[in-house]
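Each remark here refers to the structure printed beneath this line.
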Amino acid sequence: MWIQVRSMDGKRQTRLDGLSKLTKIEDLREKLVEHFEAEPARQMLFYRGKLMVDGHSLFDYNVGLNEIIQIMVRPAPPKASTSQPATTNGATEAATTTSDEEDSLSDKENKEPVIPVEKSKKKENGEDDEEVGSLYKKGDIIDGRDPSLGAWFEAKIKGIAKKEKEMETDENENKKDADDDGFLYSIVFGGYEEDKPLIVSSVHLRPRAHRKLGLDKIKIGDKLMVNYNIDDPDTRGYWYDGTVTAKENKRCSKSVTATIYIGKDLIPVKDCKLKFHNELFAIETAGSQVNENDPQAKEMDAAKRENKPECDHCKDNPRRKCVHCSCCKCGKKEDPELQLMCDDCDSAYHTYCLNPPLDALPEEDEWYCPDCKVDSSEVVRAGEKLKASSKKAKMASATSKSSRDWGKGMACAGRTKQCQIVPPNHFGPLPGIHVGSMWKFRVQVSEVGIHRPHVAGIHGREEEGAYSIVLSGGYEDDVDDGEQFTYTGSGGRDLSGNKRTAEQSCDQVLTRMNKALAKNCSAPIDSKKGGDSGKDWRKGKPVRVVRNCKGRKHSKYAPEEGNRYDGIYKVVKYWPEKGQSGFIVWRYLLKRDDTNPAPWTKEGKKLAEELGLKLQFPDGYLEGLKAKEALSSQDSSENETSSKGKGKGRKRKRIVSEDEEEEGASPAKKIIKAGYEIPKKVEKQILDDKANGKIWKEVLEFTKDGSQTFLAKVEENFACICCQDLAFMPVTTECGHNFCKTCLQRSFKAEVYSCPACREDLGKDYKMAANKTLRDILNTLVPGYENGR
1 MWIQVRSMDG KRQTRLDGLS KLTKIEDLRE KLVEHFEAEP ARQMLFYRGK LMVDGHSLFD
61 YNVGLNEIIQ IMVRPAPPKA STSQPATTNG ATEAATTTSD EEDSLSDKEN KEPVIPVEKS
121 KKKENGEDDE EVGSLYKKGD IIDGRDPSLG AWFEAKIKGI AKKEKEMETD ENENKKDADD
181 DGFLYSIVFG GYEEDKPLIV SSVHLRPRAH RKLGLDKIKI GDKLMVNYNI DDPDTRGYWY
241 DGTVTAKENK RCSKSVTATI YIGKDLIPVK DCKLKFHNEL FAIETAGSQV NENDPQAKEM
301 DAAKRENKPE CDHCKDNPRR KCVHCSCCKC GKKEDPELQL MCDDCDSAYH TYCLNPPLDA
361 LPEEDEWYCP DCKVDSSEVV RAGEKLKASS KKAKMASATS KSSRDWGKGM ACAGRTKQCQ
421 IVPPNHFGPL PGIHVGSMWK FRVQVSEVGI HRPHVAGIHG REEEGAYSIV LSGGYEDDVD
481 DGEQFTYTGS GGRDLSGNKR TAEQSCDQVL TRMNKALAKN CSAPIDSKKG GDSGKDWRKG
541 KPVRVVRNCK GRKHSKYAPE EGNRYDGIYK VVKYWPEKGQ SGFIVWRYLL KRDDTNPAPW
601 TKEGKKLAEE LGLKLQFPDG YLEGLKAKEA LSSQDSSENE TSSKGKGKGR KRKRIVSEDE
661 EEEGASPAKK IIKAGYEIPK KVEKQILDDK ANGKIWKEVL EFTKDGSQTF LAKVEENFAC
721 ICCQDLAFMP VTTECGHNFC KTCLQRSFKA EVYSCPACRE DLGKDYKMAA NKTLRDILNT
781 LVPGYENGR
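Numbering-wise, the UniProt record's numbering puts 522 at position 522 of the sequence shown, and it's gapless, one number per residue.
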């Protein structure tokens, strides 16, 4: 196993070979000392955002093959100096004091002005010093405008303060409002007396509106206080300023239309038909306000205007239970002082409705309900060890007492990518995978989707059938004749623990994968005698067959190295018989039914050469081999030098790359690489696809490298950036990017109207027309890729 380790700034990167899934993090640090010139104590390793801690292994963090771990090197601690100048401490203290003073001065403009609410000194006429020259006095019953909504609410003045000169200067620069008297008022809205007072200027204040006007007393152009709901005009809303633009005062038809001013900037909203045309209030002018000490204050304060209910479910009915605006458990509205509000979901809970109930309100500032609270014991903080995983605790490797290092095998490395072109239960050939394709390891065969299991020989479902099998010579009595072969079912072996294979120890039964492979036969299922399709064997379900190099000792048709896809076979018959082990096994006879020539034939070898099919390795595998070869050749040369005259040194074969092999070969022996010949129909379609002309120009340069390289570049350049798959019903934008139509629709549904690749604005009304030419090209080059979408 190998991984990549990269510095945080991306300037340095190294590759570590010979690792195992069980490699400890502390051992990994030791290997990085030489590469990054930092001792283990200074190394901070990160994988997928997690800080890796000593005591764990790469398996604990799910580090995959050829994946990247980031490293941050802490700076070396400074050496302690024995002597320091005497003025250092004094200079530091002076600098600290100066900076603190500067911070306090610079932050002064961000602080809210403090308005004294308590009683101040009064003159003989009973007027406060702070109120001299102000339009309103402390205790006045007024209407206050919420600066964010632009709506008016009943309020009272709790304090007054003169504006500072700096604030007045700023307002003069921004064209001071004519109604501003130069004072700041601390007001409290009705029903929210416990909240923090709001600081506003006189522009947002006016005497309490109390004169209700009828339709016969208003005329077009009058400015009134009206009730309107911006979101739902047919329901009660907030009180805004409005200018009457039309009215109808007939016996059977009464209506008022006005322009409403909303928001911070009082934006006009025209043609608003007022639902409550019988509740129109005249706007009062400054000086007509009533103070809370006046006799008529009680009468005016009691006449509250009806506002939009805070709860749309219970309409603020105090006698109605509501789990939305009150306790979400009991719905009762009593004991509001014992209600807790969740800081995450904003649901309210009575302390006595919780399980278990709370005796008192918690002292913490933040409180979370049982549904939102995260168990702090399950949170892994930076520098802490991982929590025990129940899934990994059940694995055979966790309960095994063996000290064997099982983490070096490629089957344990895991997939680095997954086949998305077709679904896992796809029968038949895969688009873009040619007969004769070869891979070094089984995990690569799983990644391309030809045979998905890493270890199992049969891939299928008991109720559907088998999709693919692997011939690896696991049973001694299998017979492989190339065009047909006998295959032995699975089971009958004790694979307890983490065993890959074992001797036959019991009879096989026709269940699970054995039954799945029998389902592919065009004959009824018989779990006792088996079945034979006879002449109708071609009507059975197709099975993809992969031959492994392990079967080379039994069959000449197996590849010499790696795994090879040999095409489609059909199950002719299946039957039970006693094997060489003495136990009952299920045998299957399969025949080849593929239009492509077999890879071991002359035609198949010629086709593989034309398509440029060669053994494929995992990313980084060849680089690792070359590094090992360079290291071993260096060691051998040193040994030869030291042992000169003491005998013949042992020579080792050097791994030669394909390019070096071709350059060094004689003209007669040089391999002639056959490029990929694009069908004429596709060539014409590529010329017609002018929207992607630049991309096709780059992709067509790889035709000389064979079909595998060319098709890989097609999939890479025409992959959707959203789903990372080959674009389905591709949409080509004006900026030259291709996306799945469904992915782009999903982006627009989320109100993102820009290109997902370059963020160019496409517009809300962008027409997503599929690029039919590109779609036909992709279906020709990668036939059937749309089937799994």
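Note that CB positions come from ideal geometry on N, CA and C, so glycine has one too. Just so it is clear, the structure is predicted and the values come from calculations on it, not from any experiment.
(request) Grab me the residues of Glu-503's own chain with a C-beta within less than 6 angstroms of its C-beta, minus the 5 sequence neighbours each way, in chain order. (result) The sequence position of residue 503 within the sequence shown is 503, counting from 1. Counting only Cβ-Cβ distances below 6 angstroms, and skipping sequence neighbours, we find nothing.
(message) Below 8 angstroms on the Cβ atoms is my contact criterion, and I expect Val-572 with Lys-602 to pass it. Report the Cβ-Cβ distance as a whole number of Å.
(response) The residue given as residue 572 occupies position 572 in the sequence shown. The residue given as residue 602 occupies position 602 in the sequence shown. Between Lys-602 and Val-572 the Cβ distance is about 26 angstroms, and since that is not below 8 angstroms, they are no contact.
(request) Compare the Cα-Cα distances from Leu-224 to each of Leu-198, Val-256, Asp-234, Glu-248 and report the closest residue. (result) What you label residue 224 is simply residue 224 of the sequence shown in a count that begins at 1. That would be Val-256, whose Cα lies nearest to the Cα of Leu-224.
(request) Would you check if there are 3 or more beta carbon pairs closer than 8 angstroms linking the segment 723-733 to the segment 760-778? (result) Here the segment 723-733 lies against the segment 760-778, with 3 or more beta-carbon pairs under 8 angstroms apart.
(request) Could you give the DSSP three-state label for His-56: helix, strand or coil? (result) Here residue 56 is taken as the residue at index 56 of the sequence shown, counted from 1. Residue state, collapsed to three classes: coil.
(message) Do Thr-235 and Asn-229 have their beta-carbon atoms positioned less than 8 angstroms apart in this structure?
(response) Locating residue 229 in the sequence shown gives position 229, counting from the first residue. Locating residue 235 in the sequence shown gives position 235, counting from the first residue. Less than 8 angstroms separates the beta-carbon of Asn-229 from that of Thr-235.
(message) With a threshold of 7 angstroms on Cβ separation, who are the neighbours of Lys-550 within its own chain once the five nearest residues in sequence on each side are excluded?
(response) Walking along the sequence shown from the start, residue 550 turns up at place 550. Answer for Lys-550: Ser-472, Gly-473, listed in chain order.
(request) Go ahead and label Met-395 buried or exposed: buried means 16 or more other beta carbons lie within 10 angstroms of its beta carbon, across all protein chains shown. (result) The residue you call residue 395 lines up with position 395 of the sequence shown. By the 10 Å Cβ count, Met-395 comes out exposed.
(request) Report all residues from its chain with a CB closer than 6 angstroms to the CB of Ile-25; omit the five preceding and five following residues, and keep chain order. (result) On the sequence shown, residue 25 is found 25 positions in, with the first residue counted as 1. Excluding its 5 nearest sequence neighbours in each direction, Ile-25 has C-beta neighbours in its own chain below 6 angstroms: Met-52, Asp-54, His-56, listed in chain order.
(request) Spell out the partners DSSP gives Gly-428 in its beta bridges. (result) Here the question's residue 428 lines up with position 428 in the sequence shown. Gly-428 is not bridged to any residue.
(request) Could you tell me the distance, in whole angstroms, from the CA atom of Glu-34 to the CA atom of Thr-14? (result) The residue given as residue 34 occupies position 34 in the sequence shown. The residue given as residue 14 occupies position 14 in the sequence shown. Their Cα atoms are separated by approximately 11 angstroms.
(message) Let's test the definition: count the other Cβ atoms within 10 Å of the Cβ of Met-341 and tell me whether it reaches 16, buried, or not, exposed.
(response) Translated into the one-based positions of the sequence shown, residue 341 becomes position 341. Result: exposed.
(request) Could you tell me the distance, in whole angstroms, from the CA atom of Val-435 to the CA atom of Lys-690? (result) Counted from its first residue, the sequence shown places residue 435 at position 435. Counted from its first residue, the sequence shown places residue 690 at position 690. Straight through space, the alpha carbons of Lys-690 and Val-435 are spaced by roughly 33 angstroms.
(message) Tell me which residues share the same chain as Tyr-785 and place their Cβ nearer than 6 angstroms to its Cβ, disregarding the 5 neighbours each side in the sequence.
(response) As a first step, residue 785 is located in the sequence shown; it is residue number 785 there, counting from the start. Sequence-distant Cβ neighbours of Tyr-785 in its own chain, meaning closer than 6 angstroms and more than five residues away, are Ile-421, Pro-431, Leu-726.
(request) Taking the CB atoms as reference points, tell me whether Gln-70 and Arg-6 lie closer together than 8 angstroms. (result) By 1-based counting over the sequence shown, the position of residue 70 is 70. By 1-based counting over the sequence shown, the position of residue 6 is 6. With respect to the 8 angstroms criterion, Gln-70 and Arg-6 are classified as neighbours on the basis of their beta carbons.
(message) Looking at Gly-492: is its Cβ nearer than 8 angstroms to the Cβ of Asp-507?
(response) As a position in the sequence shown, residue 492 is number 492, starting the count at 1. As a position in the sequence shown, residue 507 is number 507, starting the count at 1. Cβ atoms of Gly-492 and Asp-507: closer than 8 angstroms.
(message) What does the alpha-carbon distance come out to for the pair Glu-476 and Phe-583?
(response) As a first step, residue 476 must be located in the sequence shown, where it is residue number 476. As a first step, residue 583 must be located in the sequence shown, where it is residue number 583. Glu-476 and Phe-583 have their alpha carbons spaced roughly 13 angstroms apart.
(request) Note the first and the last residue of the continuous beta strand (DSSP E) segment covering Val-256. (result) Translated into the one-based positions of the sequence shown, residue 256 becomes position 256. First-last of the beta strand (DSSP E) with Val-256: 254-262.
(request) Would you decide whether Glu-663 is buried or exposed? Buried here means 16 or more other CB atoms lie within 10 Å of its CB. (result) In the sequence shown, counting from the first residue as 1, residue 663 sits at position 663. Low confidence applies to Glu-663: its pLDDT is 46, below 50, so where it sits in the model is not reliable enough to give any reading.
(message) For residue 843 and Pro-453, I'd like the C-alpha separation in whole angstroms.
(response) Not covered by the structure: residue 843. The range shown for the chain is 1 to 789.
(request) Could you have a look at Val-543 and say whether DSSP puts it in helix, strand or coil? (result) Reading the sequence shown from its first residue, position 543 is the one you call residue 543. DSSP places Val-543 in the strand class (E or B) of the three-state scheme.
(message) Buried or exposed, going by whether 16 or more other CB atoms sit within 10 Å of the CB of Glu-464?
(response) Stepping through the sequence shown from its first residue, residue 464 is reached at position 464. The residue in question, Glu-464, is exposed, as its Cβ has fewer than 16 Cβ neighbours within 10 Å.
(message) Short of 8 angstroms in beta carbon distance, which residues of its chain neighbour Pro-370, apart from the five on each side in sequence? Order them along the chain.
(response) Along the sequence shown, one-based indexing puts residue 370 at 370. For Pro-370, where only same-chain residues beyond five positions count, the Cβ hits under 8 angstroms are Leu-354, Asn-355.
(request) Buried or exposed for Asp-251, please, with buried defined as at least 16 other CB atoms from any protein chain shown within 10 angstroms of its CB. (result) Indexing the sequence shown from 1 puts residue 251 at position 251. One detail in the question is off: residue 251 reads as Arg in this sequence, not Asp. Burial call: exposed.
(message) In the DSSP assignment, the beta strand (DSSP E) including Asp-143 goes from what residue to what residue?
(response) Residue numbering aside, residue 143 sits at position 143 when the sequence shown is read from its first letter. Where Asp-143 is concerned, the enclosing beta strand (DSSP E) stretches over 140-145.
(message) Which of the three DSSP states is assigned to Cys-740 in this structure?
(response) The count along the sequence shown starts at 1 and reaches residue 740 at position 740. In the three-state scheme derived from DSSP, where H, G and I count as helix and E and B as strand, Cys-740 is classed as strand.
(message) For Lys-519 and Gln-43, what's the separation of their Cα atoms in angstroms?
(response) Here the question's residue 519 lines up with position 519 in the sequence shown. Here the question's residue 43 lines up with position 43 in the sequence shown. Whole-angstrom Cα-Cα distance: 56 angstroms.
(message) Check for me: the beta strand (DSSP E) holding Phe-485 runs from which residue to which?
(response) Here residue 485 corresponds to residue number 485 of the sequence shown, with the count starting at 1. Where Phe-485 is concerned, the enclosing beta strand (DSSP E) stretches over 484-488.
(request) Using only alpha-carbon positions, find the residue among Lys-158, Leu-215, His-210, Gly-221 that is nearest to Glu-193. (result) Residue numbering aside, residue 193 sits at position 193 when the sequence shown is read from its first letter. Checked all of Lys-158, Leu-215, His-210, Gly-221; the closest Cα to Glu-193 is Lys-158.
(message) In whole angstroms, give me the CA-to-CA distance for Leu-611 and Lys-681.
(response) Against the sequence shown, residue 611 aligns to sequence position 611. Against the sequence shown, residue 681 aligns to sequence position 681. Rounded to whole angstroms, Leu-611 and Lys-681 show a C-alpha spacing of 19 angstroms.
(message) Just verifying my parser: in three-state terms, what is the DSSP assignment at Glu-124?
(response) Residue 124 sits at position 124 when you count from the first residue of the sequence shown. No answer about Glu-124 holds up, because its pLDDT of 48 lies below 50 and its placement is not dependable.
(request) Only counting runs of 3 or more residues, tell me where the beta strand (DSSP E) segments fall wholly within the segment 274-339, in order along the chain. (result) If only uninterrupted beta strand (DSSP E) runs of at least 3 residues are considered, those enclosed by the segment 274-339 are 280-282.
(request) Assess, as a yes-or-no matter, whether the segment 574-583 is touched by the segment 534-553 under the definition of 3 or more beta carbon pairs within less than 8 angstroms. (result) Here the segment 534-553 does not lie against the segment 574-583, with fewer than 3 beta-carbon pairs under 8 angstroms apart.
(message) In the DSSP output, what is residue 793 paired with across the bridge?
(response) Because the chain in this structure spans residues 1 to 789, residue 793 falls outside the shown range and cannot be described.
(request) Give the DSSP-derived three-state secondary structure of Leu-622 in the structure shown. (result) Here residue 622 is taken as the residue at index 622 of the sequence shown, counted from 1. Leu-622 falls in the helix class under three-state DSSP.
(request) Could you tell me if Leu-631 is buried or exposed, where buried requires 16 or more neighbouring beta carbons within 10 angstroms of its beta carbon? (result) Residue 631 sits at position 631 when you count from the first residue of the sequence shown. Exposed, by the Cβ-count rule.
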